[in-house]
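Accompanying notes for the structure given below.
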Amino acid sequence: MLNDERDPSSESHGPVARSSGAHTHPWTHRADNAEDHDTTDSRKGEEQGGKEKEKDGKKQRSFWKELPVLLVIGLLLAFVIKTWVVEPYYVPSGSMENTLLIGDRVFVNKLAYATRDIERGEVIVFDGRESWDAVEGAETSSGFLTSVADFAGMSPNRKDYTKRVIGLPGDTVECCDEKGRISINGEPIDEPYLFPESRESHEKFGPVTVGKGRLWVMGDHRAISLDSRGHAEPGEDGTIPISSVAGPAFLIHWPLDRISTLSTPKNAFANVPAP
Numbered sequence: 001m002l003n004d005e006r007d008p009s010s011e012s013h014g015p016v017a018r019s020s021g022a023h024t025h026p027w028t029h030r031a032d033n034a035e036d037h038d039t040t041d042s043r044k045g046e047e048q049g050g051k052e053k054e055k056d057g058k059k060q061r062s063f064w065k066e067l068p069v070l071l072v073i074g075l076l077l078a079f080v081i082k083t084w085v086v087e088p089y090y091v092p093s094g095s096m097e098n099t100l101l102i103g104d105r106v107f108v109n110k111l112a113y114a115t116r117d118i119e120r121g122e123v124i125v126f127d128g129r130e131s132w133d134a135v136e137g138a139e140t141s142s143g144f145l146t147s148v149a150d151f152a153g154m155s156p157n158r159k160d161y162t163k164r165v166i167g168l169p170g171d172t173v174e175c176c177d178e179k180g181r182i183s184i185n186g187e188p189i190d191e192p193y194l195f196p197e198s199r200e201s202h203e204k205f206g207p208v209t210v211g212k213g214r215l216w217v218m219g220d221h222r223a224i225s226l227d228s229r230g231h232a233e234p235g236e237d238g239t240i241p242i243s244s245v246a247g248p249a250f251l252i253h254w255p256l257d258r259i260s261t262l263s264t265p266k267n268a269f270a271n272v273p274a275p
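Mapping to my numbering: the sequence shown position 262 is 262, numbers consecutive.
Next comes the structure, spelled out in structure tokens:
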């Protein structure tokens, strides 16, 4: 049976004595510890924030120190690419219409002829100073901005021409047959790239035999193009040295609505016999 009676002997007969040592309530300890933790966390946060600001400052200083180096490297890479790989050119005249229009910018592959020979029908860019006068329609201004624009292929250049290769070394070129066509080594060629009605404006010339290391070049707009025909004078055959060729133009990159590749119409020259 459960004993629910109170045991008198277990009751205190006097006031309860307090311990001589003072006791602190446990909640007080918890509050003190929380304050200590908050203070420590605050200090850690301030230290961390200071370190992050210091790192950000170092990164910014490092960026500005590295920027000139990056610019120099970028300019060197651009120079190397422009000099030996790909170079932009500006088209200053209508002599290659409608293949190339005035104001077109083209890229030229300067490595192409390191691995293969020049082909008939290719559109090439070459330095005409050795053989011809200044480019028709080219500007004569000079200065820093002009030099920058020329470096980027955004301004006319008085020494560079863009023409199509018609005759290779050893070829005999002449015009015209009964249909107004040019003949190479006795074979008339049909040229689909010509400006409309250009065939009717052909001037008779030749026969001219292209010398070793030289090319016979013509514009697609034959009526206005000053090309090998116009430079065939007494003592001169109008040809250009292969050494003056920068490379084939392979891409129109500006204006945007003119972006397209430039291909070689091999069918036009497919039946031309060897010289």
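All C-beta atoms, glycine included, are put in the ideal place defined by N, C-alpha and C. Note that the structure is a prediction, hence the values are computed from the model and not measured.
In this structure, DSSP gives arginine 199 a helical state, which the three-state scheme calls helix. Taking C-beta atoms under 8 Å as the contact rule, phenylalanine 126 and alanine 223 fail to qualify, at a distance of about 22 Å. In this structure, the straight-line span from the alpha carbon of serine 243 to that of aspartate 160 is close to 13 Å. Phenylalanine 79 and valine 210 have their C-alpha atoms some 34 Å from each other. One thing to note: asparagine 109 has its Cβ no nearer than 7 Å to the Cβ of phenylalanine 205.
In the assembly as shown, lysine 179 is an exposed residue. Its beta-carbon has fewer than 16 other beta-carbons within 10 Å. The closest CA to that of alanine 114, considering only Glu130, Pro275 and Val85, is found on Val85. Aspartate 171 counts as buried, since no fewer than 16 other beta carbons sit within 10 angstroms of its beta carbon. In the three-state reduction of the DSSP assignment, arginine 258 falls in the helix class, which pools H, G and I. Contact check between the stretch 117 to 124 and the stretch 261 to 269: three or more CB pairs, one atom from each, fall below 8 Å, which counts as touching.
For lysine 163, the enclosing beta strand (DSSP E) covers residues 160 to 167. DSSP, reduced to helix, strand and coil, places glycine 247 within a strand of the structure shown.
In this structure, the beta-carbon distance from glycine 167 to tryptophan 216 falls below 7 Å. Between methionine 218 and arginine 164, the gap from beta carbon to beta carbon is short of 7 Å. Glycine 238 is classed as buried because its beta carbon has at least 16 other beta carbons within 10 Å across all chains shown.
Counting the other Cβ atoms within 10 Å of the Cβ of phenylalanine 195 gives 16 or more, which makes it buried. With distances taken between CA atoms, tryptophan 254 lies nearest to Tyr89 out of Tyr89, Leu77 and Val72.
Taking 7 Å as the cut-off, the Cβ atoms of serine 183 and aspartate 190 do not count as close. Ranked by how close their Cα comes to the Cα of leucine 226, the residues Asn185, Ile73, Gly94 and Leu77 have Gly94 in first place.
The residues Cys175, Cys176, Gly180 and Arg222, in chain order, have a CB closer than 7 Å to that of histidine 202 in the same chain once the five nearest residues on each side in sequence are set aside. Non-local C-beta neighbours of lysine 266 in its own chain, meaning closer than 7 Å and more than five positions away in sequence, comprise Gly121, ordered along the chain.
Inter-residue distance for alanine 270 and valine 173 is about 16 Å (C-alpha atoms, whole angstroms).
Taking a C-beta distance under 7 Å as the contact criterion, arginine 258 and aspartate 104 qualify as a contact pair.
Non-local C-beta neighbours of glutamate 130 in its own chain, meaning closer than 7 Å and more than five positions away in sequence, comprise Pro241 and Ser244, ordered along the chain. Contiguous beta strand (DSSP E) elements confined to the stretch 177 to 241 occur at 182 to 184, 205 to 209 and 214 to 218, taking only those with 3 or more residues.
Alanine 268 and proline 192 have their C-alpha atoms roughly 8 Å apart. When the Cα atoms are used, glutamate 87 and glutamate 66 turn out to be separated by approximately 28 Å. Proline 248 sits buried, since 16 or more C-beta atoms from the chains shown fall within 10 Å of its C-beta. Non-local C-beta neighbours of methionine 96 in its own chain, meaning closer than 6 Å and more than five positions away in sequence, comprise Thr162, Gly219 and Asp220, ordered along the chain.
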